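A.B. asks: The structure under discussion is supplied below as structure tokens; questions concerning it will follow.
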Amino acid sequence: MILPLVISLALAAAPAKTFPYPTKSTTLKNGLTVVRVPFDSPGLLSFYAVVRVGSRNEVEPGHTGFAHFFEHMMFRGTKRFPGGERGAVLSKLGFNGNAFTTDDVTVYLSNGPSTGLETLIDLEADRFLHLDYGEPAFQTEAQAVAGEYQKSASNPSLKIEEVTLGTAFTKHPYQHTTIGLYADILEMPKRFEYSKTFFSRWYTPDNTVLVFAGDFDDAKLMALVEKHYGPWTGKAAKIVVPVEPPQTAPREAKLSWPSPTLPRLGMAWHSPAASPKTMDAAIQQVLSAYLVGPTSPLHRSLVLEQQVVERLHGFYDHHRDPCFFGIDARLKAEVHREVAGKAILAAIAELSAGKVDSKRLDDIKSNLKYSVVMDLETPSQVAEALAWHIGVFGTTDAIDSLYANIGKVSAKDLTAFARKFLVDGNRTTMNFTVEVTP
13 MILPLVISLA
23 LAAAPAKTFP
33 YPTKSTTLKN
43 GLTVVRVPFD
53 SPGLLSFYAV
63 VRVGSRNEVE
73 PGHTGFAHFF
83 EHMMFRGTKR
93 FPGGERGAVL
103 SKLGFNGNAF
113 TTDDVTVYLS
123 NGPSTGLETL
133 IDLEADRFLH
143 LDYGEPAFQT
153 EAQAVAGEYQ
163 KSASNPSLKI
173 EEVTLGTAFT
183 KHPYQHTTIG
193 LYADILEMPK
203 RFEYSKTFFS
213 RWYTPDNTVL
223 VFAGDFDDAK
233 LMALVEKHYG
243 PWTGKAAKIV
253 VPVEPPQTAP
263 REAKLSWPSP
273 TLPRLGMAWH
283 SPAASPKTMD
293 AAIQQVLSAY
303 LVGPTSPLHR
313 SLVLEQQVVE
323 RLHGFYDHHR
333 DPCFFGIDAR
343 LKAEVHREVA
353 GKAILAAIAE
363 LSAGKVDSKR
373 LDDIKSNLKY
383 SVVMDLETPS
393 QVAEALAWHI
403 GVFGTTDAID
413 SLYANIGKVS
423 AKDLTAFARK
433 FLVDGNRTTM
443 NFTVEVTP
């Protein structure tokens with residue numbers, strides 16, 4: 013009877029995991045990491061390739077936006093499958109694919125039938141090992157990116173982000189948006205030779221993680237990966253990412269918009285990076301929901317009772333380097349700017365004074381964990397969640413470690429964070445105004 017008791021005590025002491033599915037991870041000799049999640053989805057699988065390169069890597073003047081631009085070039089083909097042949101082959105098999113770039117990672121994805129696994133791995137490995145494009149194709153894609161910028165710039169969100177980042181940051185590459193500065197985008201047609209350097213610098217096996225989720229035979233999958241990705245060579249470049257100096261005085265970013273829309277008020281404070289070795293990411297994720305989430309007094313007052321704000325939300329995202337923690341209020345009218353600003357600062361002052369609703373804090377932590385699990389219902393959701401967290405945190409158990417830390421966040425943690433970071437001298441305020449009546 014003693015042995016079962018010991019076993020039960022050991023199980024009780026084991027930390028509960030948030031990610032609900034068994035996961036296998038293997039690193040090939042060339043440094044490529046392959047993460048697999050067998051998932052009950054008969055006949056379906058999802059594939060995500062994570063390259064740990066984003067706008068944070070764009071340290072050379074005049075080359076902003078290149079991580080995003082190169083995402084486009086990765087669809088330009090190889091000698092075996094030139095132009096759009098790769099896409100046509102996968103589409104015929106039933107796959108749909110896409111890609112996206114963030115400040116920290118570039119991700120390529122495909123979803124489709126597990127019967128196409130061998131072809132999928134063959135074609136994906138081919139473009140990572142043998143990407144091939146000429147200068148005409150490069151020029152065409154450069155024009156496409158310029159058009160993408162112009163389209164995005166017609167929406168105030170891009171310009172608000174652009175001006176806010178440019179004001180809040182003075183050294184770190186986070187000072188520009190992922191799509192890049194327009195002046196640099198216009199110069200991209202001249203960067204053909206540089207694009208080859210970019211490819212060899214960052215598209216390397218040790219800088220890439222493959223994530224598979226769905227219906228597959230693990231031994232067969234790994235044999236295919238070893239066959240097609242095994243010959244891949246190269247090491248990621250070593251660069252010095254400029255460190256952002258401490259902000260010591262409040263800053264203000266201003267933007268006036270010529271078309272009818274709603275005015276906005278944003279506040280951003282420099283904050284620590286998302287590291288698996290600290291509690292900083294967990295604290296900020298909880299704090300965002302606590303301060304401005306739908307259960308917060310601030311939301312109830314500004315959005316529901318006074319109705320001076322149409323939308324209130326936090327714009328914290330996990331980042332590999334120190335970035336910022338922010339709050340954004342979409343005002344119903346310009347006259348409400350002062351009321352909203354004072355209310356936000358008052359809520360922060362209350363938090364800094366140690367006034368924390370412990371019951372609401374516990375509910376938020378529970379809701380965050382419940383929400384992430386509920387969003388893991390398909391192979392694509394599973395693969396994307398793993399891919400993004402692995403890309404930012406750099407560990408295959410990133411989801412479990414993050415949500416374990418979220419469970420540990422205390423009222424004292426929120427107060428300490430507010431006292432240290434949510435201070436006037438560390439704040440950048442964005443005042444977005446409208447030149448015409450909405």
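Counting in my numbering, the sequence shown runs from 13 upward without gaps. Idealized CB from N, CA, C, for every residue including glycine. Note that this is a predicted model, so its numbers are computed, not measured.
1) Give the straight-line distance between the Cα atoms of residue 148 and residue 81, rounded to the nearest whole angstrom.
2) Contact between the region 337-357 and the region 305-325: three or more CB pairs below 8 Å?
3) Evaluate contact between the region 214-221 and the region 164-179, counting only Cβ atoms and requiring at least three cross-stretch pairs below 8 Å.
4) Just the Cα atoms here: how many angstroms apart are residue 299 and residue 377?
5) If you drop the 5 nearest sequence neighbours on each side, which residues of the same chain put their C-beta closer than 6 Å to that of residue 189?
6) Where does the unbroken alpha helix (DSSP H) through residue 70 begin, and where does it stop?
7) Which of the three DSSP states, helix, strand or coil, is assigned to residue 96?
8) Could you give the distance in angstroms between the alpha-carbon of residue 510 and the alpha-carbon of residue 179?
9) State the start and end residues of the unbroken beta strand (DSSP E) segment that holds residue 108.
10) Here's the rule: buried if 16 or more other CB atoms are within 10 angstroms of the residue's CB, otherwise exposed. What is residue 122?
11) For residue 70, collect the residues of the same chain with a Cβ closer than 8 Å to its Cβ; drop the 5 residues on either side in sequence, then sort them by chain order.
12) Over what stretch of residues does the beta strand (DSSP E) that includes residue 283 continue unbroken?
13) If you compare alpha carbons, which of 230, 304, 162 is closest to residue 359?
14) CA-CA distance, residue 435 and residue 281?
15) To the nearest angstrom, how far is it from the Cα of residue 74 to the Cα of residue 202?
16) So for residue 351, helix, strand or coil by DSSP?
17) Have a look at the DSSP bridge pairing and note the partners of residue 457.
18) Below 8 Å between beta carbons: does that hold for residue 116 and residue 404?
19) Among 49, 274, 41, 42, which has the Cα closest to the Cα of residue 399?
20) Kindly indicate which residue of 197, 129, 381, 97 has the alpha-carbon position closest to the one of residue 160.
21) Helix, strand or coil for residue 31? Go by DSSP, reduced to three states.
22) Where does residue 308 fall in DSSP's three states?
23) Could you pull out every residue in the same chain whose Cβ sits closer than 7 Å to the Cβ of residue 226, ignoring the five residues on either side in sequence?
24) Could you tell me the distance, in whole angstroms, from the CA atom of residue 313 to the CA atom of residue 355?
25) Which same chain residues end up closer than 8 Å to residue 393 when comparing Cβ atoms and leaving out the 5 residues on each side of it in sequence?
26) Leaving out five residues on either side along the sequence, give the residues of the same chain with a beta carbon under 8 Å from the beta carbon of residue 166.
27) Measuring straight from C-alpha to C-alpha, what distance separates residue 139 and residue 34?
28) Whole angstroms are fine: how far does the CA of residue 308 sit from the CA of residue 302?
29) Could you tell me the distance, in whole angstroms, from the CA atom of residue 195 to the CA atom of residue 385?
30) Mind listing, in chain order, the continuous alpha helix (DSSP H) runs of no fewer than 4 residues lying wholly within the region 156-241?
31) What did DSSP end up calling residue 140 once you bin it into helix, strand or coil?
32) I need the DSSP call for residue 124, collapsed to helix, strand or coil.
33) Would you kindly report the start and end of the unbroken beta strand (DSSP E) that includes residue 338?
34) Considering only C-alpha positions, which residue in the set 84, 120, 132 is nearest to residue 155?
35) Should residue 329 be labelled buried (16 or more other beta-carbon atoms within 10 Å of its own) or exposed?
36) Starting from residue 321 and walking both ways along the beta strand (DSSP E), at which residues does that stretch end?
C.D. replies: Looking at the atomic coordinates:
1) Going by the C-alpha atoms only, they are around 15 Å apart.
2) The region 337-357 vs the region 305-325: in contact.
3) Touching, no, given that fewer than three Cβ pairs across the two stretches are closer than 8 Å.
4) Their backbone Cα atoms lie some 10 Å apart in a straight line.
5) Within the same chain, residue 189 has close Cβ partners 173, 174.
6) Per DSSP, residue 70 is not a residue of any alpha helix (DSSP H), being assigned neither H nor E.
7) The answer is coil: DSSP assigns residue 96 none of H, G, I, E or B.
8) As displayed, the chain neither begins before 13 nor continues past 450, which places residue 510 out of reach and without an answer.
9) Bounds of the beta strand (DSSP E) holding residue 108 are 108-113.
10) Label assigned to residue 122: buried.
11) By the criterion of a C-beta distance shorter than 8 Å, residue 70 is surrounded in its chain by 76, 77, 78, 79, 185, 188, 192, once the five residues flanking it on both sides are discounted.
12) Where residue 283 is concerned, the enclosing beta strand (DSSP E) stretches over 276-283.
13) Checking every option, the nearest Cα to that of residue 359 belongs to 304.
14) If I take the Cα positions, the gap works out to 8 Å.
15) Computed Cα separation, rounded: 11 Å.
16) Residue 351: helix per DSSP, three-state reduction.
17) The first residue shown for the chain is 13 and the last is 450, placing residue 457 beyond what the model contains.
18) One thing to note: residue 116 has its Cβ within 8 Å of the Cβ of residue 404.
19) With distances taken between Cα atoms, residue 399 lies closest to 49.
20) Comparing Cα-Cα distances from residue 160 to each of 197, 129, 381, 97, the minimum goes to 197.
21) The three-state secondary structure of residue 31, taken from DSSP, is coil.
22) Looking at residue 308 - three-state DSSP - the assignment turns out to be coil, as it is neither helix nor strand.
23) If you ignore the 5 residues before and after residue 226, its C-beta comes within less than 7 Å of the C-beta of 51, 53, 56, 57, 58, 126, 391, all in its own chain and listed in chain order.
24) Going from the Cα of residue 313 to the Cα of residue 355 covers about 9 Å.
25) Within the same chain, Cβ atoms closer than 8 Å to the Cβ of residue 393 are found at 387, the five residues on either side in sequence being excluded.
26) Cβ within range, chain order: n/a, list empty.
27) Between residue 139 and residue 34, the C-alpha separation is close to 29 Å.
28) Put simply, the backbone Cα of residue 302 is about 6 Å away from that of residue 308.
29) So the two alpha carbons sit approximately 42 Å from each other.
30) Under the rule that a run must span 4 or more residues, the alpha helix (DSSP H) segments found entirely inside the region 156-241 read 168-180, 194-199, 204-214, 230-241.
31) In this structure, DSSP gives residue 140 a helical state, which the three-state scheme calls helix.
32) Annotated three-state conformation of residue 124 is strand, per DSSP.
33) Note, residue 338: beta strand (DSSP E), 335-343.
34) Among 84, 120, 132, the Cα nearest to that of residue 155 is on 84.
35) Buried, since its Cβ has 16 or more Cβ neighbours within 10 Å.
36) Element bounds for residue 321: 321-326.
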